[in-house]
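Okay, structure first, notes after.
Number of protein chains: 2
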Amino acid sequence: MPVSPITFFFDFSSPYAYLASTRIKAIAARHLRDIEWVPVLLGPVFEATESRPLVEQPLKGDYARIDIPRSARFYGVPYHQPDPFPIATFQAARVLIGLQQEDDPHALPWLHACFAAYFAHNRNIAELPVLDAIGAEIGLPAGTVERFIADPAIKARLRANVERALAAGMCGAPFMVADDQPFWGVDRLPQLEHWLQTGGF
Amino acid sequence: MPVSPITFFFDFSSPYAYLASTRIKAIAARHLRDIEWVPVLLGPVFEATESRPLVEQPLKGDYARIDIPRSARFYGVPYHQPDPFPIATFQAARVLIGLQQEDDPHALPWLHACFAAYFAHNRNIAELPVLDAIGAEIGLPAGTVERFIADPAIKARLRANVERALAAGMCGAPFMVADDQPFWGVDRLPQLEHWLQTGGF
Numbered sequence: 001m002p003v004s005p006i007t008f009f010f011d012f013s014s015p016y017a018y019l020a021s022t023r024i025k026a027i028a029a030r031h032l033r034d035i036e037w038v039p040v041l042l043g044p045v046f047e048a049t050e051s052r053p054l055v056e057q058p059l060k061g062d063y064a065r066i067d068i069p070r071s072a073r074f075y076g077v078p079y080h081q082p083d084p085f086p087i088a089t090f091q092a093a094r095v096l097i098g099l100q101q102e103d104d105p106h107a108l109p110w111l112h113a114c115f116a117a118y119f120a121h122n123r124n125i126a127e128l129p130v131l132d133a134i135g136a137e138i139g140l141p142a143g144t145v146e147r148f149i150a151d152p153a154i155k156a157r158l159r160a161n162v163e164r165a166l167a168a169g170m171c172g173a174p175f176m177v178a179d180d181q182p183f184w185g186v187d188r189l190p191q192l193e194h195w196l197q198t199g200g201f
Numbered sequence: 202m203p204v205s206p207i208t209f210f211f212d213f214s215s216p217y218a219y220l221a222s223t224r225i226k227a228i229a230a231r232h233l234r235d236i237e238w239v240p241v242l243l244g245p246v247f248e249a250t251e252s253r254p255l256v257e258q259p260l261k262g263d264y265a266r267i268d269i270p271r272s273a274r275f276y277g278v279p280y281h282q283p284d285p286f287p288i289a290t291f292q293a294a295r296v297l298i299g300l301q302q303e304d305d306p307h308a309l310p311w312l313h314a315c316f317a318a319y320f321a322h323n324r325n326i327a328e329l330p331v332l333d334a335i336g337a338e339i340g341l342p343a344g345t346v347e348r349f350i351a352d353p354a355i356k357a358r359l360r361a362n363v364e365r366a367l368a369a370g371m372c373g374a375p376f377m378v379a380d381d382q383p384f385w386g387v388d389r390l391p392q393l394e395h396w397l398q399t400g401g402f
C-alpha cells in the first residue's frame with residue numbers, strides 16, 4: 001500500500017521552517033515517507049489569522065529573538081540572525097515551484113541553499129542578484145531564475161499553494177500535514193514522528 | 202552553592218500550563234532545582250502582547266483544538282476539553298497565593314487539584330462552590346477559600362505577580378525562567394532541561 005507523503009508548508013522567511021527543513025528528512029526517511037515541499041507566503045496567513053510577524057509583536061518579539069537562535073543551537077543547526085528580517089520571499093518561492101514543475105533535481109538543493117543563504121549567511125534572498133548567485137552555486141543554467149520568477153503560471157501556482165495551505169488550516173510556519181493530521185512548528189516534530197510511528201495516537 | 206529555582210508563571214486557565222505542571226517537577230528534581238510556582242492572569246498578558254486567547258483566533262483556534270488534546274495524549278496526561286473555556290481564574294490564583302504566603306503544605310495539592318479539576322474533570326473552577334469542594338477534597342479547613350479570595354493583600358500580590366511576569370517577558374503560558382533564561386510553552390521543556398544539564402548552550 002503506498003503511503004501518503006508528509007506535506008511541508010513553509011515560507012522561506014520563517015526561521016522555524018528553516019530549522020524544521022534540516023530535520024524533517026531524517027524523520028520521513030525513518031518512516032518511509034516522501035516529503036512534499038510546498039512554498040507559500042506568510043503574508044496571507046498572517047491576514048487570515050489576524051496576526052503578524054512574531055518579531056513585530058510586543059514581548060513575543062523579544063522572546064523570539066532569544067528562542068530562535070537558542071533553538072538553532074539546541075538542534076545543532078547553523079544560524080545567524082539575518083538583517084533585514086523578515087523579507088519578501090515570493091521570488092525564491094517561484095523558482096522552487098518552477099524547478100518542482102519541471103521535476104528538476106535542483107529543486108531540493110535550491111530549497112536548502114536559499115534557507116542556508118538567508119539564515120546561516122545573512123544573504124538577502126529578496127534580492128535578485130543573490131538569487132542569481134545561489135542559482136549559479138547549485139548549478140542552475142543562467143537565466144533560469146529570471147525565467148521562473150516572470151512566469152505567470154508559476155505566479156498563479158504560488159497563489160494556489162497559499163489557498164491550499166489555508167484550506168489545510170495553516171496558521172504559521174512550518175505547517176506540516178501527515179495523514180490529514182496537522183502539526184505546526186519545529187517543536188511538533190516529536191509528535192509528528194510519534195504519529196508516524198504509532199499510526200495515530 | 203545554592204542554585205536558583207525554576208520560576209513557573211502560569212494561569213489556571215492555560216491547558217499548556219496544565220500539561221507542563223505535570224512534567225516540570227521531574228525535570229526540576231533531576232537537576233536538584235526547586236520550583237517557584239507563580240500564578241498570574243493571562244488577561245493582562247494578552248493586553249501587553251496585543252493578543253487574545255488562542256481558541257478565539259482564526260485558524261489558530263482550530264489548530265489548538267486539535268493540538269491541545271493530542272499534546273495531552275502525547276505526554277500521557279488525562280485531558281478533557283473543559284466547557285466553558287477559557288474562564289476567570291483569579292479566585293483559584295488568590296487561594297494559591299494565600300496558601301503560599303502561609304507556607305501551607307496544601308499549596309501544591311491545591312495547584313494540581315485545580316488544574317486537574319478543570320482540565321481532566323470539566324469542573325468550572327471559576328465558580329466558588331467548585332473551589333470550596335476542591336478545598337474540602339484536599340483537606341483545607343472550611344472558610345479558607347473565602348478568606349483568601351477576599352483578602353486585599355492577596356489581591357495586591359496577584360497584581361504584583363502579573364507585573365513581575367510581564368517584567369520577566371511573559372508572552373504566554375506557561376512561561377518558565379531558569380537562570381534568567383526564558384522558556385515559553387510546554388514544548389520548550391526539552392530545551393529547559395538541556396539548559397539545566399549543560400549550564401547553558
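Line by line, the protein sequences give chains P and B.
Under this note's numbering, the first residue of the first sequence is numbered 1, with each subsequent residue one higher.
Under this note's numbering, the first residue of the second sequence is numbered 202, with each subsequent residue one higher.
Backbone N, C-alpha and C define an ideal beta-carbon position, used for all residues, glycine too.
Bear in mind the structure is a predicted one, so any value in this text is a computation, not a measurement.
Helix, strand or coil for residue i per DSSP?
i	result
I288/B	coil
E251/B	coil
V241/B	coil
T208/B	strand
Does any C-beta atom of chain B lie closer than 9 Å to the C-beta of residue i?
i	result
F201/P	yes
A17/P	no
M176/P	no
F10/P	no
C171/P	yes
F27/P	Looking at the sequence itself, residue 27/P is Ile, so the reference to Phe does not match. Not one chain B Cβ lies under 9 Å of I27/P.
W110/P	no
S51/P	yes
D208/P	Absent from the structure is residue 208/P, since the part of chain P shown begins at 1 and ends at 201.
Q81/P	no
P190/P	yes
P58/P	yes
D151/P	no
D132/P	no
Can you give me the C-alpha to C-alpha distance between residue i and residue j, rounded to a whole angstrom?
i	j	result
N362/B	V177/P	39 Å
S272/B	Q191/P	8 Å
F275/B	G143/P	48 Å
I27/P	G135/P	28 Å
A249/B	H31/P	43 Å
L128/P	F148/P	12 Å
V95/P	V246/B	41 Å
A107/P	Q100/P	6 Å
D91/P	V77/P	The amino acid at residue 91/P is misidentified as Asp; the sequence shows Gln. Distance between the alpha carbons of Q91/P and V77/P: 25 Å.
H112/P	S21/P	8 Å
D304/B	R389/B	29 Å
Y118/P	A29/P	26 Å
G400/B	M170/P	36 Å
L41/P	E257/B	23 Å
D268/B	P69/P	25 Å
I334/B	D352/B	The question names Ile, but residue 334/B in the sequence shown is Ala. Approximately 20 Å between the Cα atoms of the pair.
G43/P	R52/P	8 Å
V186/P	A173/P	8 Å
A168/P	P306/B	48 Å
Y18/P	L341/B	51 Å
W311/B	A126/P	53 Å
T208/B	F12/P	35 Å
Hey, would you say the C-beta of residue i is under 8 Å away from at least one heavy atom of the ligand GDP?
i	result
I68/P	With respect to the ligand GDP, the structure shown offers nothing to examine, as it has no ligands at all.
Does residue i come within less than 9 Å of chain P when only Cβ atoms are used?
i	result
H232/B	no
A321/B	no
K356/B	no
D450/B	In the structure displayed, chain B extends from 202 to 402; residue 450/B sits before or after that span and is not available.
A249/B	yes
W385/B	yes
L329/B	no
R365/B	no
P342/B	no
R274/B	yes
R271/B	yes
D305/B	no
D235/B	no
Go to residue i, then tell me how far its alpha helix (DSSP H) extends in each direction, as first and last residue.
i	result
L260/B	Counting along the chain, L260/B falls outside any alpha helix (DSSP H), and DSSP gives it neither H nor E.
L19/P	P15 to S21
Q398/B	L390 to T399
R30/P	I24 to R30
Can you confirm whether residue i, when its beta carbon is compared against all beta carbons of chain A, has any partner nearer than 9 Å?
i	result
G244/B	No chain A is present in this structure, whose protein chains are P and B.
Note down, one range per segment and in chain order, each alpha helix (DSSP H) of at least 4 residues found wholly within the stretch 320–387 of chain B. 329–339, 345–351 and 353–368
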